[in-house]
Amino acid sequence: MKTTYRSAVHDAIADAMRADDRVLLLGEDVGRYGGTYAASKGLLEEFGPQRILDTPLSELGFVGIGIGAALNGLRPIVEVMTVNFSLLALDQIVNTAAALRHMSGGQFSVPLVVRMATGAGRQLAAQHSHSLENWYAHIPGITVLAPATVADAYGMLRTALTSPDPVIVFEHVGLYNTAADLDSLIPTEIGRAALRRNGSDATIITYGGCLPKAMDAAERLAQDGIDCDVIDLRVLRPLDDATIMESVRKTHRVVVVDETWHTGSLAGEISARIVEQAFYELDAPIGRVCTVEVPIPYAKHLEEAALPQPEKIVSAVRALFGDTGRAGAGDG
Amino acid sequence: MIEFTMPTLGADMDEGQLNEWLIKPGDSVTRGQIVAVVETTKAAVEIECWHDGVVEDLLVGPGETVAVGTPLATLLEPGEKSGMKGPGRPAGKTPQEPNRGRTELTATPSSVPPSPIGHRLWVSPVARRTAATLGVDLGALTGTGPQGAITLHDVEHAAATAHHEKPTAATTSAPAATPAPASAPAPAAEPKSAAEIAKARGAAMRASIAAAMSRSKREIPHYYLSDEVILDSAQAWLTEQNAGRPITERMLMAVLQLKAVALAAARFGEFNGFWEEGFRPGNGVHVGVAISLRGGGLVAPAIHDVSEKPLPELMADLTDLVARARAGSLRSSEMSDPTITVTNLGEKGVDAVFGVIYPPQVAIVGFGKPAQRVVVVDGGIRVATTVQSSLAADHRASDGARGALFLAEINRQLQQPAEL
Chain A
555 MKTTYRSAVH DAIADAMRAD DRVLLLGEDV GRYGGTYAAS KGLLEEFGPQ RILDTPLSEL
615 GFVGIGIGAA LNGLRPIVEV MTVNFSLLAL DQIVNTAAAL RHMSGGQFSV PLVVRMATGA
675 GRQLAAQHSH SLENWYAHIP GITVLAPATV ADAYGMLRTA LTSPDPVIVF EHVGLYNTAA
735 DLDSLIPTEI GRAALRRNGS DATIITYGGC LPKAMDAAER LAQDGIDCDV IDLRVLRPLD
795 DATIMESVRK THRVVVVDET WHTGSLAGEI SARIVEQAFY ELDAPIGRVC TVEVPIPYAK
855 HLEEAALPQP EKIVSAVRAL FGDTGRAGAG DG
Chain B
7 MIEFTMPTLG ADMDEGQLNE WLIKPGDSVT RGQIVAVVET TKAAVEIECW HDGVVEDLLV
67 GPGETVAVGT PLATLLEPGE KSGMKGPGRP AGKTPQEPNR GRTELTATPS SVPPSPIGHR
127 LWVSPVARRT AATLGVDLGA LTGTGPQGAI TLHDVEHAAA TAHHEKPTAA TTSAPAATPA
187 PASAPAPAAE PKSAAEIAKA RGAAMRASIA AAMSRSKREI PHYYLSDEVI LDSAQAWLTE
247 QNAGRPITER MLMAVLQLKA VALAAARFGE FNGFWEEGFR PGNGVHVGVA ISLRGGGLVA
307 PAIHDVSEKP LPELMADLTD LVARARAGSL RSSEMSDPTI TVTNLGEKGV DAVFGVIYPP
367 QVAIVGFGKP AQRVVVVDGG IRVATTVQSS LAADHRASDG ARGALFLAEI NRQLQQPAEL
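So the protein lines, in turn, are chains A and B.
Note that this note's numbering gives residue 766 to position 212 of the first sequence, counting from 1, and the numbers run on in steps of one.
Note that this note's numbering gives residue 307 to position 301 of the second sequence, counting from 1, and the numbers run on in steps of one.
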């Protein structure tokens, strides 16, 4: 059965709502419009306005409503149109949702799922294209997920709804139209990274929208005899150190691919952990392929130039072998 | 001011121990004068100085072990005044390594030549850890990783191809404090008996032969050719010549063979020289003679300019060289200069020998036992004295067709002994 990432998200919401009448969806344009990325098309008709709530353009307000609903026993899914707009709800997520269990001595839990689109590549310019998931991965008290496959788009969202604590789910805008042939969609675990490709020469660590690019790069490298592990992090907080270190101990070479900017990136955090936990396994400096340090440009060629691309990943992996024939990892 | 540095006495030498100075400050030295004795893994070698001058200062004391290229002494050029030297030791110079581009680890803290690469040796963490586990000498490796760093692959490759070179790696990897059995006595060590020194030298020689021969088989694509040389005319000529000579001046077939090889090598230059990222022809034909030592092991010091010397002089040179090799008193130029090697195992009774090239040389010629054999000459069967000559040559420097011509030329030379 051919399934798209978009319909997997849709089905996960629908199945969860059918299975548990405490589940509701709220956000901008999720009802009559069917969702900015059409992930909730038809749900208003099936579940009605009590459980599919169109909200005003007020992230601070409707994320707060979600927190209140969760505190009072419901299982709300809040859709925020993009991570850029979620900054207006940072106070709710960081100061309230993430902190309440700890500040109440365990008396209150906030079983809230916040979904948001992230990333660039669709010419939506700087205010709709940034990748700020690392900001959330910095915060204790929340789980941060980045499903990169169709199976995970369904499975991780279903499992997220069983968590007693807040979960932020990042859906990369470049993934909604990706498709896969799957027999069935089932809940998947949300604790571990996944090895998407098995190699022996280098490890490419990535997540979300960069996974297809990393897989593409790995195939190109394989044709030249460089066989790569590709790790899909899946869970950005807490990071699955064990899977990362196991691969590093095997390949001794690492490139981290991350659509955030280099400075303060998740790639930087992962590099630091590898150096802390597996320094004596490294055979080359850790490479990073991140986004050029500019607000994401609107113009297509500039946007493409700013983002991680398969060619840049290939060059960064080659550099681990002392090959400086092409552009180095640099700020690419 | 001239710096007199620790010379390299063969491709496998990384460091040497100064045994003895034969000069002192204020002495005049002339070009070619023997000025010091250096203990290598192979022998105590008399070191020649190649400058005229006056000894200003001796920088390294007897018993000290220093890396190749380390200044041992400073000399004032003729007419130069003393007092122009800077404070302390002139340690600011890059060690000179005419025969190699390798990076050295310095041997003693007291004389540290700065690394030619200008920074600390770059070694990846896993490579450094693995090298420590496997006992691989990082200083002897050339990095292939990012920015020229030594990688795990480099270490594993070295360990895999050199597992029986380990004793050498141990002696060259660490400063003088290393308790490696192969290293020469440290300065502060209690005096050792001659037997102990001989034993240590034997172990060190085994290790250095292992290193050189492993490198040869690892790096040099050998090809092998052989030829049967009829020695009747050479033998007849020798008998005639020797009849008129006192026993001490009689010549051996080995000398004719040396001369024949040298003349052929002078004509076929691609067999006379060195492979160092490319072929470098030898400056003159200096034939290394493989000499087995009584205590085991072998050396292959050079007789210089063999193609230019008359046979009686060569015979005297050979006798002298064998005696000094077995006494352990060879000269630095003899150790470092061979441009081609000849190995002769005839007296051990073997028919033929296929040699292993001594790097960075590109050829070794072998001779087996001269004996009466049945041969076909001009369509008739005859009994003649013949010897199997062989050539092991570096295919990077030459091809089989030229090798065949080279061997044939040796054969031709041996048919005309009076011309040798």
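Note that beta-carbon positions come from the ideal geometry of N, C-alpha and C, so glycine has one too.
Source: prediction; values computed, not measured.
When burial is assigned at 16 or more other CB atoms within 10 Å of the CB, is residue i buried or exposed?
| i | result |
| --- | --- |
| G22/B | buried |
| T139/B | exposed |
| D343/B | buried |
| P720/A | buried |
| W27/B | buried |
| I215/B | buried |
| F833/A | exposed |
| L304/B | exposed |
| Q444/B | Here chain B has residues from 7 to 426 only, and residue 444/B is not among them. |
| K556/A | exposed |
| T347/B | buried |
| R337/B | buried |
| Q422/B | exposed |
| A748/A | buried |
| F662/A | exposed |
| I824/A | buried |
| T814/A | buried |
| P307/B | buried |
| S658/A | exposed |
Whose Cβ in chain B lies nearer than 9 Å to the Cβ of residue i?
| i | result |
| --- | --- |
| G876/A | G149, T150, G151, P152, Q153, G154, A155, T157 |
| A873/A | P152 |
List, in order along the chain, the chain A residues whose C-beta lies closer than 7 Å to that of residue i?
| i | result |
| --- | --- |
| S130/B | L836, D837, A838 |
I'd like to confirm the pairing. Which residues does DSSP put opposite residue i in its beta bridges?
| i | result |
| --- | --- |
| E45/B | Q23/B, A50/B |
| G841/A | V809/A |
| R388/B | V381/B |
| R286/B | F280/B |
| Y230/B | A398/B |
| T760/A | D786/A |
| K556/A | D735/A |
| L432/B | This structure cannot settle anything about residue 432/B, because the visible part of chain B is limited to 7 through 426. |
| H726/A | T672/A |
| T703/A | According to DSSP, which records beta bridges pairwise, T703/A is partnered with nothing at all. |
| A308/B | G294/B |
| A369/B | A399/B |
Roughly how far, in whole angstroms, is the beta-carbon of residue i from the beta-carbon of residue j, given that I think they are within contact range, below 8 Å?
| i | j | result |
| --- | --- | --- |
| A707/A | A562/A | 4 Å |
| E276/B | A137/B | Going by Cβ atoms, the distance from E276/B to A137/B rounds to 37 Å, so no, they are not a contact pair. |
| F280/B | R286/B | 5 Å |
| M670/A | F724/A | 6 Å |
| I29/B | V44/B | At roughly 13 Å, the Cβ-Cβ gap does not stay under 8 Å, so I29/B and V44/B are not in contact. |
| S220/B | I363/B | Contact flag wrong, Cβ pair sits at about 12 Å. |
| L625/A | V664/A | 6 Å |
| M710/A | I744/A | 5 Å |
| P31/B | E62/B | 6 Å |
| I850/A | S683/A | 4 Å |
| L578/A | P630/A | 5 Å |
| L739/A | D565/A | 6 Å |
Could you tell me which chain A residues have their CB closer than 9 Å to the CB of residue i, listed as they occur along the chain?
| i | result |
| --- | --- |
| L135/B | A small correction: the amino acid at residue 135/B is Arg; Leu does not occupy that position in the sequence shown. Those within 9 Å of R135/B in chain A are Y834, E835. |
Find the residues of chain B that neighbour residue i, judging by a C-beta separation of less than 7 Å, and give them in chain order.
| i | result |
| --- | --- |
| H806/A | V132, L158 |
If you measure from the CB of residue i, is any heavy atom of the ligand MN nearer than 7 Å?
| i | result |
| --- | --- |
| L299/B | Ligands displayed in this structure: none; no statement on the ligand MN is therefore possible. |
Please tell me whether residue i has its Cβ less than 8 Å away from any Cβ of chain C.
| i | result |
| --- | --- |
| R135/B | The structure shown contains no chain C; its protein chains are A and B. |
**Segment contact, 8 Å Cβ cut-off, at least three pairs: the segment 156–166 of chain B with the segment 849–869 of chain A** = No, because fewer than three Cβ pairs between the segment 156–166 of chain B and the segment 849–869 of chain A fall closer than 8 Å, the two stretches do not touch.
**Message:** I'd like to know if the segment 388–397 of chain B and the segment 371–378 of chain B are in contact, where contact means that at least 3 CB-CB pairs between them fall below 8 Å.
**Reply:** At 8 Å Cβ cutoff, the stretches touch.
**Request:** Would you check if the segment 755–762 of chain A and the segment 802–811 of chain A touch, i.e. whether three or more CB-CB distances between them fall below 8 Å?
**Result:** yes
**Message:** Across the segment 695–706 of chain A and the segment 781–799 of chain A, are there enough close Cβ pairs to call them in contact, namely three or more that are closer than 8 Å?
**Reply:** With a cut-off of 8 Å, the segment 781–799 of chain A and the segment 695–706 of chain A count as touching, because enough Cβ pairs lie within range.
**Asked** Contact between the segment 55–64 of chain B and the segment 37–47 of chain B: three or more CB pairs below 8 Å?
**Response** yes
**Asked** For the segment 648–664 of chain A against the segment 597–616 of chain A, are there 3 or more C-beta pairs whose distance is under 8 Å?
**Response** With the cut-off at 8 Å, the segment 648–664 of chain A and the segment 597–616 of chain A do not touch.
**Prompt:** Do the segment 380–396 of chain B and the segment 322–339 of chain B make contact, defined as three or more Cβ pairs closer than 8 Å?
**Reply:** No: the two stretches stay apart, fewer than three of their Cβ pairs being nearer than 8 Å.
**Message:** Taking 8 Å as the cut-off, does the segment 294–302 of chain B touch the segment 347–362 of chain B (at least 3 CB pairs, one atom from each stretch)?
**Reply:** With the rule of 3 Cβ pairs closer than 8 Å, the segment 347–362 of chain B counts as touching the segment 294–302 of chain B.
**Prompt:** Would you say the segment 9–19 of chain B touches the segment 822–839 of chain A, given that touching needs at least three Cβ pairs under 8 Å?
**Reply:** no
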